[in-house]
Every structure is written in C-alpha cells, then in structure tokens.
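Trainee: Counting in UniProt numbering, the sequence shown runs from 302 upward without gaps.
The beta carbon of each residue, even a glycine, is placed where N, CA and C say it ideally should be.
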Amino acid sequence: PPILEILNLEKEYYGNTGFFNKQNVVKAVNNVSFKVFEGETLGLVGESGCGKSTLGKAILLLDKATAGTIKYRGADISNLSTSEIRKLRKEIQLIFQDPYASLNPRIILGEALMEPMIVHKIGTSKKKRKEKVLKILKRVGLEESFYYRYPHELSGGQRQRIGIARTIIMEPKLVICDESVSALDISVQAQVLNLLNELKEDFGFTYIFISHDLAVVKYMADQLLVMNQGRIEELGDADEIYANP
Ligand code: ADP
Ligand code: ADP
302 PPILEILNLE KEYYGNTGFF NKQNVVKAVN NVSFKVFEGE TLGLVGESGC GKSTLGKAIL
362 LLDKATAGTI KYRGADISNL STSEIRKLRK EIQLIFQDPY ASLNPRIILG EALMEPMIVH
422 KIGTSKKKRK EKVLKILKRV GLEESFYYRY PHELSGGQRQ RIGIARTIIM EPKLVICDES
482 VSALDISVQA QVLNLLNELK EDFGFTYIFI SHDLAVVKYM ADQLLVMNQG RIEELGDADE
542 IYANP
C-alpha cells in the first residue's frame, strides 16, 4: 500500500467577522485526495494562502481535519487518541522554514538535539546519545564544535542544518518539508536541497516537499500536486506538468 493516502480531506477555519456574530468560514483544504508511495518525493506547490501548510499540518496530526481520511501504511490515523498520536510523531516529522524560532537561546545545540532523543527514548545513555548527536552533526555538514554553540551563532544555512539534524535524529519515515529553504539565499538553498536529497538516499525517507517556489519543487519532486484555493488543480508526473504549463 502507499505510505500515505489522503481521501476527501477537508479543513475549515471558523473566524468571527465581528458583524452580528456571523461566522466566517474559510475552507483551507477542499476535497483533497492523493497517495504517496514509499521512497517518493511528492511536491506540493501553489501560491501563498492556497492551503499547503494547512494540508501539511493535518497530515502531521497537529491540526485535526474537518472531514476526510488520512491513512498511514494502510491504517486510518484520522481519529487517533493523543497518546497514539504521540507514538506516531516519531515516524512523521516536519522540517519547517526557520527552526531557530523553536530553539532555546540558552541551550547549546548538542543538548537541543538530545531533547527529542530523550522524549522518544532513543539511545540508552547520555554517552550514546552524545555520540549519535555528533555523528548526525557531521552528517548534516556541521563540525563537532557546533555541539557547544548557541543558536544565535548560526548562519541561516546552519540553522536549517540543525533543523534537519533534529528531524533525522528520530529516524522518521515520512518527512514533510514546509518551505524548508524559502528563507535562505539561492546558493545556500541549493546546498540544503542537495543535503536533503542525500539524506533521502541514506535513510530511505519519503518526502512531501511543500513550497511556493516552482523551481525548488521541480528540483526535488517526482510527483507533483498543484494546489489552488484549497483544491488540487493538477496531479501528476513533475516533468509532464512542467512540459505543459
Ligand atoms: P499556504 O501554506 O498555502 O500559504 P495556509 O494553509 O497557510 O496556506 O492557509 C490557507 C488558508 O487558510 C488561508 O486563507 C489562510 O488565511 C487560512 N488559515 C490558515 N491558518 C488559519 C487559522 N489558524 N485560522 C484561520 N484561518 C487560517
Ligand atoms: P550565510 O551566508 O550562510 O547566511 P552568515 O553570513 O550569516 O552566513 O554567517 C557566516 C559565518 O558567520 C557562519 O559560519 C556563522 O557560523 C558565523 N556567524 C554568523 N552569525 C554569528 C554570530 N552571531 N556569532 C558567531 N558567529 C556567527
């Protein structure tokens, strides 16, 4: 079966307009269905506000969908309990735009990377965990000294490498990259995209790669979803869609 299957997914946001307490409904995701197969990179592209992040958050079970089904490895995960969701968290991970925002400025990077290992009971001793953190730092192109550095000492590209390190340390299966390189300079973008592609080979990740930037998505994706106003406008082979824009 596909690693992920989305069936008729809907997400509505309710906002109060302030007029006569009338509720304003935004259908951020509208009747979306698609499949992702293991080892594939699915690109999700579309203009800002079309619902990409909302769809990503629904798949991560961070924000419950209004209707529809999400299947992970054939099992319906749309209605899991909080503790079941916590278990699944390790397998489905997010790399977002700027991991700096979620790093504690007073904690060295090495310890920040150890946190998720402790939460998910990865590694049996502090020594083992540290070894693993050093290995992962090296793998994302950061030298050992970064273990002892603080978040503010990082360049944009280095911040994103730390974000990637924190994700891969959990050995997830499905990785959702939401505008993961959008805040970076073009040359740094290319380095980080290449790193993501290498890691996919090493770890056998499946990616859902979200970006408003066509060039970036085209570089990464095998299959492409084009979103427009909450709906899927096109779905298919990346090369074919770009051949007939
Ligand atoms: P994208 O990631 O493609 O930029 P989003 O998923 O962030 O799009 O947003 C889709 C739509 O949902 C937009 O109209 C946005 O204003 C709305 N939206 C997103 N998050 C919320 C929220 N928490 N509450 C209300 N509306 C929201
Ligand atoms: P980039 O082009 O990747 O964004 P920067 O110009 O931001 O790089 O940073 C270049 C170098 O300076 C990097 O190696 C980074 O580690 C270092 N650096 C950036 N900010 C600081 C800081 N506040 N303290 C110490 N070193 C820093």
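Could you have a look at residue 411 and say whether DSSP puts it in helix, strand or coil?
Mentor: Along the sequence shown, one-based indexing puts residue 411 at 110. It is helical.
Trainee: Could you name the residues whose beta carbon sits closer than 6 Å to any heavy atom belonging to ligand 1, keeping them in chain order?
Mentor: So the residues near ligand 1 by this Cβ test are 314, 316, 327, 329, 347, 349, 350, 351, 352, 353, 354, 355.
Trainee: Measuring straight from C-alpha to C-alpha, what distance separates residue 337 and residue 480?
Mentor: Position 36 of the sequence shown holds residue 337. Position 179 of the sequence shown holds residue 480. Looking at the two C-alpha atoms, the distance is approximately 19 Å.
Trainee: Excluding the five sequence neighbours on either side, which residues of its own chain have a C-beta within less than 8 Å of the C-beta of residue 530, listed in chain order?
Mentor: Taking the sequence shown and counting its residues from 1, the one referred to as residue 530 is at position 229. Result list for residue 530: 331, 351, 352, in chain order.
Trainee: In whole angstroms, give me the CA-to-CA distance for residue 394 and residue 342.
Mentor: Mapped onto the sequence shown, residue 394 falls at position 93. Mapped onto the sequence shown, residue 342 falls at position 41. Residue 394 and residue 342: Cα-Cα distance of roughly 14 Å.
Trainee: Would you report the Cα separation of residue 527 and residue 542, rounded to the nearest angstrom?
Mentor: Counted from its first residue, the sequence shown places residue 527 at position 226. Counted from its first residue, the sequence shown places residue 542 at position 241. Approximately 9 Å between the Cα atoms of the pair.
Trainee: Where residue 523 and residue 535 are concerned, what is the direct C-alpha to C-alpha distance, given to the nearest angstrom?
Mentor: By one-based count along the sequence shown, residue 523 stands at place 222. By one-based count along the sequence shown, residue 535 stands at place 234. If I take the Cα positions, the gap works out to 14 Å.
Trainee: With the cut-off set at 8 Å, would you say residue 511 and residue 477 are in Cβ contact?
Mentor: Position 210 of the sequence shown holds residue 511. Position 176 of the sequence shown holds residue 477. Taking 8 Å as the Cβ cut-off, residue 511 and residue 477 qualify as a contacting pair.
Trainee: My guess is that residue 409 and residue 451 are in contact by the Cβ rule of under 8 Å, so how many angstroms apart are they, rounded?
Mentor: For this step, residue 409 is matched to residue 108 along the sequence shown. For this step, residue 451 is matched to residue 150 along the sequence shown. Their Cβ separation, rounded to whole angstroms, is 6 Å, which keeps residue 409 and residue 451 in contact under 8 Å.
Trainee: Quick check on residue 400: buried or exposed, where buried means 16 or more other Cβ atoms within 10 Å of its Cβ?
Mentor: Position 99 of the sequence shown, counting from 1, holds the residue named residue 400. It counts as buried.
Trainee: Using beta-carbon positions only, say whether residue 473 and residue 391 come within less than 8 Å of one another.
Mentor: Counted from its first residue, the sequence shown places residue 473 at position 172. Counted from its first residue, the sequence shown places residue 391 at position 90. In contact: residue 473 and residue 391 (Cβ atoms closer than 8 Å).
Trainee: Quick check for students: name the residue ranges of the beta strand (DSSP E) that lie wholly in the stretch 474 to 502, counting only runs of 3 or more.
Mentor: The qualifying runs are 475 to 479.
Trainee: I believe residue 443 touches residue 462 by the beta-carbon criterion, under 8 Å. Please report the beta-carbon distance rounded to the nearest angstrom.
Mentor: Against the sequence shown, residue 443 aligns to sequence position 142. Against the sequence shown, residue 462 aligns to sequence position 161. About 6 Å separates the two Cβ atoms, so the contact holds.
Trainee: If you draw a straight line from the C-alpha of residue 537 to the C-alpha of residue 344, how long is it?
Mentor: For this step, residue 537 is matched to residue 236 along the sequence shown. For this step, residue 344 is matched to residue 43 along the sequence shown. Between residue 537 and residue 344, the C-alpha separation is close to 10 Å.
Trainee: Taking C-alpha atoms, which residue in 516, 380, 441 lies nearest to residue 483?
Mentor: Locating residue 483 in the sequence shown gives position 182, counting from the first residue. Selected option, being the one with the closest Cα: 516.
Trainee: Quick one: Cα of residue 402 to Cα of residue 465, how far?
Mentor: Counting from 1 along the sequence shown, the entry for residue 402 is found at position 101. Counting from 1 along the sequence shown, the entry for residue 465 is found at position 164. Taking the straight line joining both Cα atoms gives about 14 Å.
Trainee: If you run the structure through DSSP and keep just helix, strand and coil, what is residue 255?
Mentor: Beyond the ends of the chain as shown, which are 302 and 546, falls residue 255; an answer cannot be given.
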